[in-house]
Amino acid sequence: MKQYPYIIVGGGMTADAAVNGIRRRDRDGEILIISDEPFPPYQRPPLSKKLWLGMRMEETWLPGWQRQRGVTLLLGSAVAAIDAEARTVVLWTGAAYEYGQLLLATGGRPRTLDSGGSRVFYPGNMVEHIRLFQTLQEPTEVLVVGGGFIGSEMTAVLSSAGHSVTWLMAEREPFIDFLPDTLRSRVLQEYHAHGVALHGGQQVTGFETADSEVVAVTESGQRFQGSVAVAGLGFIPNDELARPLGLTAEKGGVKVDALLRTAQDGIWAAGDVSVLGAEGALMMHEDHAVTQGRRAGENMAGAAKPYDHLPFYYSDIYDFGYEAIGECRLTLDVVEDWVVPGEEGVVYYLMDGQVRGVLNWNVWDGVPKARDLIQSGQRWSKGELIGQIRN
1 MKQYPYIIVG GGMTADAAVN GIRRRDRDGE ILIISDEPFP PYQRPPLSKK
51 LWLGMRMEET WLPGWQRQRG VTLLLGSAVA AIDAEARTVV LWTGAAYEYG
101 QLLLATGGRP RTLDSGGSRV FYPGNMVEHI RLFQTLQEPT EVLVVGGGFI
151 GSEMTAVLSS AGHSVTWLMA EREPFIDFLP DTLRSRVLQE YHAHGVALHG
201 GQQVTGFETA DSEVVAVTES GQRFQGSVAV AGLGFIPNDE LARPLGLTAE
251 KGGVKVDALL RTAQDGIWAA GDVSVLGAEG ALMMHEDHAV TQGRRAGENM
301 AGAAKPYDHL PFYYSDIYDF GYEAIGECRL TLDVVEDWVV PGEEGVVYYL
351 MDGQVRGVLN WNVWDGVPKA RDLIQSGQRW SKGELIGQIR N
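The sequence shown maps to residues 1 to 391 in the UniProt record's numbering.
This is the structure:
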């Protein structure tokens, strides 16, 4: 049985970052990456953004894999079980490998409905996006289901590409708990300008397919028809390998401490699948996946550095782009600082005068300053916040 000092299960951005973290401290230790995908590590954000607007698939590959030494990439392979006592992973093929340190970087998968068939797509990995891209070679009628990140981004890129989009969501409007009225009305105006038919308050419970059509059926009995459906209904953490070992959190995911260790010696977790601490929650964003993966790699190689990074997240909607950090929800006190209302500015979310979250709307390179404002613990008046972050 082949023994590796480091084995990483999962081949996404977290795995790529973990390799970089390991190499910061251990330049020679052999690393085995086991991925059930057929592709080398790639950037996931372009799947619902630039890949639909002219970016080539090859541009999504994370750089440097051809130059990596001492790294074995096992693609199209799935781990069936972990034997923690023997420090061994066993593949569904029966092959087994012994590890010194094991990282679970298994990410998550899209939440799906039971019905649907081949005309319903659940974006989340390259294979599904290729399948969707091959289907949408000509302008057609597309149903997009879900009011979150995937739904809002796919609606924007598909309508920009000339498709007729009907957007269904359970919420009354998209971004209703996130964007203040000034901003939300401007964004909705852009969706309408691109011909999007938006239907809020529609909880889709299933799909029916026949020939070249798909019908989304809602809880209230309404039916919406299109050629294909794209559903963004949230994600489920891929924590199945951790469950028999008792390493999962109550609401899903793999529990880790500040060093990203699980309760089992030699097993670590990072990225979308990890839950940090007793009060932690799943977080599925690029900055979190990369920074946590890198820190896990460093610690697997002996660094013992706690993960205390406050990650940001971002999105692109037509010509709008934003970067957000912290708690950005309208149940907090909101301060808006506009250069051009609805076009360029910063939204601050406060509790008792302390900044809890910051949204930079078409404002760039402001995340470090926003993070400082949040972590300072300082109390701010509205006037003091105006002008703190600018392009």
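Glycine is no exception: its CB is placed at the ideal position from the N, C-alpha and C atoms.
Name the two residues that bound the continuous alpha helix (DSSP H) containing residue i.
{"i": "alanine 18", "result": "13 to 25"}
{"i": "serine 152", "result": "149 to 160"}
{"i": "aspartate 372", "result": "367 to 376"}
{"i": "leucine 32", "result": "Note, leucine 32: premise wrong, no alpha helix (DSSP H); beta strand (DSSP E) at 31 to 34."}
{"i": "tyrosine 191", "result": "181 to 193"}
With a threshold of 6 Å on Cβ separation, who are the neighbours of residue i within its own chain once the five nearest residues in sequence on each side are excluded?
{"i": "serine 115", "result": "Gly206, Phe207"}
{"i": "isoleucine 33", "result": "Ile8, Gly11, Ala15, Leu73"}
{"i": "glutamate 58", "result": "none"}
{"i": "threonine 209", "result": "Gly117, Arg119"}
{"i": "tryptophan 361", "result": "Tyr322, Gly345"}
{"i": "proline 46", "result": "Met55, Thr60"}
Assuming residue i is part of the beta strand (DSSP E), what are its boundary residues?
{"i": "residue 411", "result": "No information on residue 411 is available, as it lies outside the stretch 1 to 391 that the chain covers here."}
{"i": "asparagine 299", "result": "Run containing asparagine 299: none in the beta strand (DSSP E); it sits in the alpha helix (DSSP H), 286 to 300."}
{"i": "leucine 47", "result": "No beta strand (DSSP E) contains leucine 47, which DSSP labels as neither H nor E."}
{"i": "lysine 255", "result": "254 to 256"}
{"i": "methionine 55", "result": "Unbroken run through methionine 55: none, as it is neither H nor E."}
{"i": "tyrosine 348", "result": "344 to 351"}
{"i": "glutamine 134", "result": "Segment 126 to 135 is the alpha helix (DSSP H) holding glutamine 134; no beta strand (DSSP E) there."}
Is the distance from the Cβ of residue i to the Cβ of residue j below 8 Å?
{"i": "glutamine 292", "j": "glycine 326", "result": "no"}
{"i": "arginine 44", "j": "methionine 13", "result": "yes"}
{"i": "glycine 125", "j": "glycine 297", "result": "Looking at the sequence itself, residue 125 is asparagine, so the reference to glycine does not match. Their beta carbons are not under 8 Å apart, which means asparagine 125 does not touch glycine 297 by this criterion."}
{"i": "valine 273", "j": "threonine 112", "result": "no"}
{"i": "proline 311", "j": "methionine 351", "result": "no"}
{"i": "glycine 383", "j": "glutamine 354", "result": "no"}
{"i": "valine 196", "j": "threonine 155", "result": "yes"}
{"i": "leucine 168", "j": "valine 142", "result": "no"}
{"i": "glycine 252", "j": "glycine 148", "result": "no"}
{"i": "alanine 357", "j": "alanine 324", "result": "Looking at the sequence provided, one finds glycine at residue 357 rather than alanine. Taking 8 Å as the Cβ cut-off, glycine 357 and alanine 324 qualify as a contacting pair."}
Measuring only the C-alpha atoms, how far is residue i from residue j?
{"i": "leucine 132", "j": "phenylalanine 121", "result": "7 Å"}
{"i": "residue 415", "j": "leucine 332", "result": "Past the edges of the chain, shown from 1 to 391, lies residue 415, and the structure says nothing about it."}
{"i": "alanine 170", "j": "leucine 179", "result": "17 Å"}
{"i": "glycine 94", "j": "isoleucine 176", "result": "49 Å"}
{"i": "leucine 259", "j": "histidine 192", "result": "47 Å"}
{"i": "leucine 53", "j": "leucine 158", "result": "9 Å"}
{"i": "tyrosine 348", "j": "histidine 288", "result": "21 Å"}
Can you list, in chain order, the residues of its chain whose CB lies under 7 Å from that of residue i, leaving out five sequence neighbours each side?
{"i": "alanine 303", "result": "Arg25"}
{"i": "methionine 300", "result": "Tyr6, Ile22, Gln101, Leu103, Trp268"}
{"i": "valine 254", "result": "Leu104, Asp239, Ala242, Leu247, Thr248, Thr262, Ala269, Val273, Ser274, Val275"}
Shorter than 7 Å, the distance from the beta carbon of residue i to the closest heavy atom of the ligand SAM, or not?
{"i": "tryptophan 361", "result": "For the ligand SAM, the structure offers nothing, since it holds no ligand at all."}
Would you list, in sequence order, the uninterrupted beta strand (DSSP E) runs of no fewer than 3 residues that lie entirely inside the region 57 to 97?
71 to 74, 79 to 83, 88 to 91
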